[in-house]
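Asks:
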Amino acid sequence: MSIHVNQLTKRYGNFTALDDISLSIDDGELVALLGPSGCGKTTLLRSIAGMEFADSGNILLEGRDMTFEPIRHRQVGFVFQHYALFNHMSVFENVAYGLRVRPRAQRPNEAAIRQRVHELLELVQLEWLAKRFPPQLSGGQRQRIALARALAVEPRYLLLDEPFGALDANVRKELRRWLRRLHEELHVTSLFVTHDQEEAMEVASRIVVMNHGRIEQVGTPADIYDEPRTPFVSSFIGNVNVFQGTIRSGAFHSGSWRLPLTDARDTLNAAEQNAFVRPHDIEIVHPSTSEWQARVQHIQPMGSSYHIEAVPFADASGGDGPQIESGLIVIELTRHAFKSLSLSLGDRVGLKIHHIHWFQPRQVIGKPSIAPPVPA
Amino acid sequence: MSRILQPQTASREQKAETPFVRYLLSLLALAIIGLFLILPLVAVLFEAFREGWQAYLTAVTDRYTRHAILLTLFTALICVPLNTLFGIAAAWCIARFQFPGRSLLTTLIDLPFSVSPVIAGLVFILIFGAQGWFGGWFAANGFPVIFALPGIVLATMFVTLPFVARELIPLMQAQGAEQEEAAIMLGAGPWRMFWTITLPRIKWGLLYGVILCNARAMGEFGAVSVVSGHIRGSTNTLPLHVEILYNEYQFSAAFAVATLLAGLAIVTLIAKSIVEWRQQRQWENASS
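Listed below in structure tokens is the structure:
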């Protein structure tokens, strides 16, 4: 039950919601569409469902062109952001709806409907709520009923629009795990929209990062985090320090700071480069052992880790320090590392950088560096 | 919906006023209601029965009165269902779709509220009257519009057009299309979706609009007066009949017939209250 999206473009007036989107999803995958609001992820989801029609390009479900097929031929289950449960019907009737509206020839009899609904309510562990009405349920319960209702019609594809967006943090965490387990059990090809990178990383087997109607990168959570292909992906997935500078004669120069490059991969020939460094890829060392020095300005305990904000020092020769977008360097330390350093505010520390992603300036707005696969 | 769902949060503010101001304001409000609403109703009843039960019954069961009642009911019977259909269709279009001329349609639906009913009547005279654009043709083909039933129906249709649509547009806009989309995603056809999802969700608002529409259809005077010609036993509706009796100095009979309209108004008010109460309860259930 694969999904292929081929060069899909959609405009609303001057606004381009989808800009030449191509994407392939294999049978049984659980994929996240991740991006900031307005990036086109919901439009893409609704286009696949058949609720929006693109201006150009096509959508193939299982190899068949479904671009202009009506919704009911697509066999898609859709979970709406605010669940869209029918408030005037009981939970049972909500779940049964998709079976009751089938054409007479395909409609199961009352006993079969009853059995199927109870199976689904059991699956979402809410059988005891069958006689209640949606307004009487909690957010998490509504979410699960919405899912049971979408599954009732035995969809080949399950599309979820911000499935956890309207829930409390605790319920959200629990439901994420539950959804992943449910997917392992049912193995229906699933695609969900989210703006929460943590959620995408935790639930999805593959992530599609979108921005300004374009796909920035497609990959596993590890790929996306460890090998971001664009500056946008790097800064959207997790925190990042951006040093602006140039590479010349085997070293990176940012303002008056200089970082000798030993790794052959890092000595790129392009002159202007921005160094993207994750907070946990910076180590705090004794000031005497590093040219890069900074003063601790703020210490933020985050539970399992500590965030240190440090103001860079100019070097001994009186230069102006490195060029950083935020003016601050953020360093993430494990609890253990923080305790062994016994840092306090105002301390002078040395910094050692372990891993860098290089991006050329002004690469921010441009075509995704790697084109996603296009179906044959 | 705001009008129906007025919250009862006034009690706190009331305590801020001195008792004197509170009583004065209450008294003033009661006086105004008494003067403008209760007194006329009492006057109608008083005048209607001034010459006794017998005269009242005679006036109410008079041949021309009976005809006026039937004509009024018949007119409402045509106008209310048609305007209900129109109201649902218009509200659906406006609340669910973006199309060129959408705001123009919204404004046009309000036109009958902003135009004087007399002008509305005159417009139909201009179009279908003997000297009007199409009046000659219709009359020549044995289907007179003005000073006949079709004219009365047309004028009433025009005046009562906004009631159902006006009630449904804000309701359907507030409800949004998500549940309807969900029904379609689950495989329901548009017709099925309307009966199982859309209609149950708007039914109380719809009924409210229908009640108001019906009250106006039966009580309309101005527009109908212009197009009807006041032909007794033929084109006289109840409100027009009251006027004729009054102009003929049959005060008691005029007021007797007027009690029928007043009775209709009271029934409407009661029905309206019940619907409002049901609607509010539904909202309370929905939000609990």
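Residue numbers (UniProt numbering), protein chains in the order written: chain R, 1 to 376; chain A, 1 to 288.
Where is the CB? At the ideal position from N, CA and C, for every residue including glycine.
On a predicted model such as this, the values are computed, not experimentally measured, just so you know.
#1: With a floor of 3 residues, list each beta strand (DSSP E) that falls wholly inside the stretch 100–163 of chain R, ordered by position along the chain.
#2: For F86 (chain R), which residues in chain A fall below 7 Å Cβ to Cβ?
#3: Give me the subset of the stretch 186–210 of chain A whose CB atoms are less than 7 Å from a CB atom of chain R, sorted by chain position.
#4: Out of curiosity, what's the CA-to-CA distance linking E110 (chain R) and P228 (chain R)?
#5: Entirely within the stretch 56–85 of chain R and at least 3 residues each: give me those beta strand (DSSP E) ranges in chain order.
#6: So the candidates are R:K339, R:R102, R:H4 and R:R206; which of them puts its Cα closest to the Cα of R192 (chain A)?
#7: Flag this pair as yes or no: are the beta carbons of F70 (chain R) and G98 (chain R) separated by less than 8 Å?
#8: Does the beta carbon of V124 (chain R) come closer than 8 Å to any beta carbon on chain A?
#9: Let's test the definition: count the other Cβ atoms within 10 Å of the Cβ of V118 (chain A) and tell me whether it reaches 16, buried, or not, exposed.
#10: In terms of residue numbering, what span does the alpha helix (DSSP H) encompassing residue 381 (chain R) cover?
#11: Compile a chain-ordered list of the residues in the stretch 155–176 of chain R whose CB is closer than 8 Å to at least one CB of chain A.
#12: Would you call the stretch 80–91 of chain A and the stretch 121–135 of chain A in contact, with 3 or more CB pairs under 8 Å?
#13: Report the option in A:A254, A:L25, A:L105 and A:A68 whose CA atom is closest to the CA atom of S59 (chain A).
#14: I need the boundaries of the beta strand (DSSP E) containing M210 (chain R), first residue and last residue.
#15: Kindly indicate if chain A contains any beta-carbon less than 8 Å away from that of F80 (chain R).
#16: Can you tell me the Cβ-Cβ gap for I146 (chain A) and F128 (chain A), rounded? I've got them flagged as a contact below 8 Å.
#17: Taking only runs that begin and end inside the stretch 130–204 of chain A, name each unbroken alpha helix (DSSP H) of 4 or more residues, in chain order.
#18: Pick helix, strand or coil for R281 (chain A), following the three-state DSSP scheme.
#19: For chain R, check one thing: does any of its Cβ atoms lie closer than 8 Å to the Cβ of A95 (chain A)?
#20: Using only alpha-carbon positions, find the residue among R:D27, R:F232 and R:H4 that is nearest to T189 (chain R).
#21: For the stretch 23–45 of chain R, which residues have a CB atom closer than 9 Å to at least one CB atom of chain A, in sequence order?
#22: Which residue marks the beginning of the alpha helix (DSSP H) containing Q54 (chain A), and which one marks its end?
#23: If we count the other Cβ atoms within 10 Å of its Cβ and call it buried at 16 or more, is N214 (chain A) buried or exposed?
#24: Nearest chain R C-beta to A182 (chain A) closer than 8 Å, yes or no?
#25: Let's test the definition: count the other Cβ atoms within 10 Å of the Cβ of V164 (chain A) and tell me whether it reaches 16, buried, or not, exposed.
#26: Any C-beta of chain A sitting closer than 8 Å to the C-beta of A49 (chain R)?
#27: I'd like to know if the stretch 5–12 of chain R and the stretch 163–180 of chain R are in contact, where contact means that at least 3 CB-CB pairs between them fall below 8 Å.
#28: Residues of chain A with a CB under 7 Å from the CB of G98 (chain R): which are they?
#29: Ends of the alpha helix (DSSP H) at H286 (chain R)?
#30: Taking the continuous beta strand (DSSP E) assigned at F20 (chain A), which residues delimit it?
#31: Using 8 Å as the limit for Cβ to Cβ distance, is V277 (chain R) near chain A?
#32: For I71 (chain R), return the contacting residues in chain A, with the cut-off set at a CB-CB distance below 7 Å.
#33: Buried or exposed: where does H298 (chain R) fall if 16 or more other Cβ atoms within 10 Å of its Cβ makes it buried?
#34: When the cut-off is 8 Å and only beta carbons count, does R144 (chain R) lie next to chain A?
#35: Compute the Euclidean distance between the alpha carbons of Q280 (chain A) and Q179 (chain A), then round it to the nearest angstrom.
#36: According to the neighbour-count rule (16 or more other Cβ atoms, all chains shown, within 10 Å of its Cβ), is Y12 (chain R) buried or exposed?
Replies: Considering the structure as presented:
#1: 157–161
#2: Under the 7 Å cutoff, chain A gives Q179 and I197.
#3: L186, G187, A188, R192, I197, P200 and R201
#4: 53 Å
#5: Complete beta strand (DSSP E) runs here, min 3: 56–61 and 76–79.
#6: R:R102
#7: The amino acid occupying residue 70 (chain R) in the given sequence is Pro; Phe does not appear at that position. Not a contact, by the Cβ cut-off of 8 Å.
#8: no
#9: exposed
#10: Lying outside 1 to 376, the shown extent of chain R, residue 381 (chain R) is not represented and no answer is given.
#11: none
#12: no
#13: One detail in the question is off: residue 59 (chain A) reads as Ala in this sequence, not Ser. Looking at the Cα atoms, A:A254 is the closest of the given residues.
#14: R206 to N211
#15: Chain A, which has a Cβ nearer than 8 Å to the Cβ of F80 (chain R), makes this yes.
#16: 5 Å
#17: 135–140, 149–160, 162–175, 178–185 and 190–193
#18: R281 (chain A) falls in the helix class under three-state DSSP.
#19: no
#20: R:D27
#21: none
#22: G52 to T61
#23: buried
#24: yes
#25: buried
#26: yes
#27: no
#28: In chain order: L186 and G187.
#29: Here H286 (chain R) belongs to no alpha helix (DSSP H), and DSSP marks it neither H nor E.
#30: Unbroken run through F20 (chain A) is the alpha helix (DSSP H), P19 to I33; no beta strand (DSSP E).
#31: no
#32: I184 and M185
#33: exposed
#34: It does not: the Cβ of R144 (chain R) has no partner Cβ on chain A nearer than 8 Å.
#35: When the Cα atoms are used, Q280 (chain A) and Q179 (chain A) turn out to be separated by approximately 21 Å.
#36: exposed
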